[in-house]
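Here is the structure we will look at.
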Amino acid sequence: MSSEYPVVRSTRRWHGVNAIALLVSGAGVLANRPGLVLSGVVGVAFAVASRVDAPPTVDLAVERRLSDADPAPGTSVTVTVTVTNTGGALCPDLRLIDGVPPALTVEDDSPRRGTALRPGKTVAFEYTVRATRGVHRFGPMVAIGRNASGTIERRRTVVEADETTITCVPPLSGTEPVALPLYDRAVGVTGRVATRESGAGTVFHSVREYRHGDPPNRIDWNRTARTGELTTVEYRRERSATVVVLVDARNAAYVAPSRDDRPAIERSIAVAGTAFEGLLATGNRVGLAALSPTECWLAPASGQAHRGRARELLGTHPALSPTPPEEPFLKMTSLRRLRHRLATDAQVVFCSPLSDGYAATVARRLHAHGHPTTVLSPAPTCAGDGNRDERTRGTEPGVQLAGIERSFRCSDLRDDGIHVVDWGEEPLRRAVETASRRWSV
Amino acid sequence: MTAELDTRPTPLGVGLAGLFAAGVPIATAAVPLSLVPSLFGVLSIVVGTAGGRKSVPTLGVGALLIGVLTAGLGGARPEVLLLGTTCLVLAWDASLQAIDLGRTLGRAADTTRALTAHTVISTIAAAVIVGLGYGLFRIPGDGYPVTVLALLLFGALVLGAAFRG
């Protein structure tokens, strides 16, 4: 099916040939050389022939086949494109540019093809893309047809009858899950977050005078034998927390050191998955949300089915699309909606590259509104996928300046009592350990 | 996430342009003086096409033109000049086509069919035009005088102008 705004234009290919012909003929007339004048006549004949040539017709049908529509991240997917000339005329010069999904990188061969196509005939070509996280839709193919003399060009887009998509859902946690230490204000059912309150648990808290009704197994018998007084051991009360992992998916989160690098949001999503898995494993109820123009919310819960839903959401939700959102982000509305959804006691793990001031504001506001917030911030300068020389990475003045601004944002947040994990090149586990040493638990 | 596209033409495109360009010095070799600009023209077309810049092959076409003119003024036969001019036009066309395909589709894309189909059609068109022109020229036996050819040229220009609209 061919459609949308065909554009016809002159390529001005033979402009100037008349001038050359006249120059040759003129010289021939002056020097009385019939051969030169004849050459000039032939030159003009070329120009006339090119003007007689009609505009080309471009009526095409396109079909794409994938070697794997649901690949694992990093695997190669071969795309076979078949284009058929459904029109009634020969297309002597047909240039095809396939609509490769913008977030995918072509690994091998070219998604472009130059050919000539007779009516009813088909041309097929293949190229390979490397699968990355997300739902990748193929765009319309751009077809540029030219007539035989190359003087007139017709450009149109060709849409496939059935839309082809590559869906790539990575595992929830790319590495071993990391247990992120939470704020000890956790309340709720018994879990594994040791709070500052005393009660039943496994971590020693204090010793107090025996009160009637204390269970015998909590009585410190050694001390009783020594002093003759009954004392009861208090442990740190262990509770589970309700945590919402919030992914920054605004336009600002799609920053990358250069055009060829993967945007920072990919690392944010990866870190969100790892944190989600870790929090779930330590017995917490974990939910997911995105700070983006498109609404994205997975209510806190636990269990294997919930884990599967989270994996699917992080992999395919439109709010976490591999390309930046086009709709405007409404700051006040989005934040208000999120706060309404968060349970009163819910903690927030905010995964954001902190590439602008608003990201820090969000963390501060949520923290101030009684949702203890931990910021997990992957450095955008480490977002590359190895396309560039490691030595030149992040050395450009602009990138360095952005890095300095970001480190100031991290320090300001820490000054406000917010836990911040600044994740660079090191493994996430080490970054969390380093950061949690500063947190007074 | 797409890497920078290499927009230089494919070796086949450069080869075709160079092949046609080489036809000019071969055809006009009878006048040795014409070889100087012609060979420079061939070199410019090959180098310019390979680099993907249109200005250098245009300069090369200019040099080839000087070569044809030198041969014509030096007394070369009409058949030789006709062949030289045809090769010049085809070299220009092939060079532009190769550069254009490179710019639109890149060096990595397979453009063989687009290049060969265009070249075949251009060559056939050139053969027909030259054949007709030469046939007309040879009707009186030893060719028309310059005045008649000049009038023919004028007629062709008017015809071209009529199709412009």
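Note that the protein sequences, when read in sequence, are chains X and G.
The first sequence begins at 1 in the working numbering and counts up one residue at a time.
The second sequence begins at 1001 in the working numbering and counts up one residue at a time.
Even for Gly, the Cβ is constructed at its ideal location relative to N, Cα and C.
No experiment lies behind these values; they were computed from the predicted model shown.
Whole-angstrom distance between residue j and residue i, CA atom to CA atom
i       : j       : result
X/V142  : X/G417  : 53 Å
X/S302  : X/Y235  : 26 Å
X/I219  : X/Y183  : 29 Å
X/G150  : G/P1078 : 29 Å
G/T1086 : G/S1095 : 14 Å
G/T1007 : X/T128  : 20 Å
X/V17   : X/D248  : 59 Å
X/A360  : X/V158  : 44 Å
X/L448  : X/E153  : Residue 448 of chain X is absent from the model: chain X starts at 1 and stops at 441.
X/A103  : X/D70   : 16 Å
X/P293  : X/G99   : 25 Å
X/T82   : X/F46   : 35 Å
X/K121  : X/T86   : 8 Å
X/A264  : G/S1038 : 56 Å
X/G88   : X/S50   : 21 Å
X/G145  : X/I97   : 12 Å
Rounded distance between the beta-carbons of residue j and residue i, thought under 8 Å
i       : j       : result
X/F138  : X/P101  : 6 Å
X/L279  : X/V348  : Incorrect: roughly 12 Å between the Cβ atoms, too far for contact.
X/T224  : X/V207  : Their Cβ separation, rounded to whole angstroms, is 11 Å, which puts X/T224 and X/V207 out of contact at 8 Å.
G/V1158 : G/G1084 : Actually they are not in contact, since the Cβ atoms of G/V1158 and G/G1084 sit about 26 Å apart, beyond 8 Å.
G/G1048 : G/G1067 : Contact flag wrong, Cβ pair sits at about 16 Å.
X/P73   : X/T132  : 6 Å
G/S1166 : G/G1060 : Residue 1166 of chain G falls outside the range modelled here, since chain G spans only 1001 to 1165, and no answer is possible.
X/C296  : X/H317  : 5 Å
X/S25   : X/G35   : The Cβ separation is near 11 Å, so there is no contact.
G/A1109 : X/R113  : 6 Å
G/A998  : G/V1031 : This structure does not reach residue 998 of chain G, given that chain G is present from 1001 up to 1165, and the question cannot be answered.
X/V123  : X/E312  : Actually they are not in contact, since the Cβ atoms of X/V123 and X/E312 sit about 37 Å apart, beyond 8 Å.
G/L1064 : G/A1091 : 7 Å
X/T274  : X/V178  : 5 Å
Delimiting residues of the beta strand (DSSP E) encompassing residue i
i      : result
X/E126 : T122 to R130
X/H136 : G134 to R137
X/G114 : R112 to L117
X/I166 : T165 to C168
X/W14  : Segment: none, X/W14 is in no beta strand (DSSP E) and carries neither H nor E.
Any chain G beta carbon closer than 9 Å to residue i
i      : result
X/S411 : no
X/R414 : no
X/G35  : yes
X/I144 : yes
X/L60  : no
X/T82  : no
X/V135 : no
X/T115 : yes
X/N32  : yes
X/D184 : no
X/R51  : yes
X/N85  : no
X/F46  : yes
X/R336 : no
X/W439 : no
X/I152 : no
X/A21  : yes
X/I269 : no
X/N18  : yes
X/L246 : no
heavy atom of the ligand ATP below 8 Å from residue i C-beta
i      : result
X/L366 : Absence of the ligand ATP is noted for the structure shown, with no ligands found whatsoever.
Minimum Cβ-Cβ distance from residue i to chain X less than 9 Å
i       : result
G/L1016 : no
G/A1050 : no
G/I1129 : yes
G/L1105 : yes
G/M1001 : Legend: pLDDT at G/M1001 = 47, less than 50; position of this residue unreliable, no value from coordinates given.
G/L1033 : no
Start-to-end residues for the alpha helix (DSSP H) that takes in residue i
i       : result
X/C351  : From DSSP, X/C351 is part of no alpha helix (DSSP H) but of the beta strand (DSSP E) over Q347 to C351.
X/D93   : Element bounds for X/D93: not the alpha helix (DSSP H) but the beta strand (DSSP E), C91 to G99.
X/H317  : First-last for X/H317: undefined, no H or E at that position.
X/D184  : That residue, X/D184, is in no alpha helix (DSSP H); it is neither H nor E in DSSP.
G/L1019 : P1011 to A1027
X/N284  : Where X/N284 is concerned, there is no enclosing alpha helix (DSSP H), given that its DSSP letter is neither H nor E.
X/T224  : W221 to T227
X/I20   : V17 to A31
X/L428  : L428 to R438
X/L342  : Unbroken run through X/L342: none, as it is neither H nor E.
Contact list for residue i against chain C, beta-carbon separation under 8 Å
i     : result
X/L94 : The structure shown contains no chain C; its protein chains are X and G.
May I have a chain-ordered list of the alpha helix (DSSP H) segments no shorter than 4 residues that lie completely inside the stretch 1036-1117 of chain G? 1055-1073 and 1078-1105
Could you tell me which whole beta strand (DSSP E) segments of length 3 or greater appear in the stretch 358-424 of chain X? 373-378 and 419-423
Within the stretch 33-70 of chain X, ranges of the beta strand (DSSP E) (whole runs, at least 3 residues): 60-66
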